[in-house]
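Undergrad: Supplied in structure tokens, the structure appears directly below.
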Amino acid sequence: MHDYIKERTIRMARYVVETRKTVRVIAKEFGVSKSTVHKDLTERLETINPELAEDVKYVLNYHKSIRHLRGGEATRTKYENDRKSVETELTL
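Just so we're aligned: 29 in the UniProt record's numbering is position 29 of the sequence shown, and the numbers increase by one with no gaps anywhere.
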């Protein structure tokens with residue numbers, strides 16, 4: 001494995017543990033794909049730093065356990081915004 005991949009993986013892992021941000025946010029901030037973040041944090045990190053991998057696994061499992069709640073919030077927000085725009089159009 002190349003050194004830059006190891007360094008990126010460790011930086012991402014520490015960032016996840018410190019900030020508890022999601023894979024999608026991490027990918028955007030590091031300029032890589034979600035697949036790359038996921039592979040780095042779940043597969044590569046175990047061979048590089050098993051202790052850090054356990055901490056990251058805890059955060060990722062937490063996000064996985066609440067994703068159905070986040071999806072519901074996003075849907076509710078979308079329809080509230082749609083309703084507000086329709087009401088605005090009707091008052092014009």
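Note that beta-carbon positions come from the ideal geometry of N, C-alpha and C, so glycine has one too. Owing to the predicted nature of the structure, the values given are computational and were not obtained by experimental measurement.
Quick check on DSSP: helix, strand or coil for His38?
TA: helix
Undergrad: Could you check the C-alpha separation between Gly31 and Val25 for me, to the nearest Å?
TA: Straight across, the Cα-Cα distance linking Gly31 with Val25 is about 10 angstroms.
Undergrad: On a CA-only basis, which of Leu41, Lys34 and His2 is nearest Asp55? Give me that one, please.
TA: Ranking the options by Cα distance to Asp55, first place goes to Leu41.
Undergrad: Nearest CA to the CA of Tyr62: which residue from Val23, His2 and Lys6?
TA: Closest in C-alpha terms to Tyr62, from the list Val23, His2 and Lys6, comes Val23.
Undergrad: Given that a residue counts as buried once 16 or more other Cβ atoms are within 10 Å of its Cβ, and exposed if not, what is Arg44?
TA: buried
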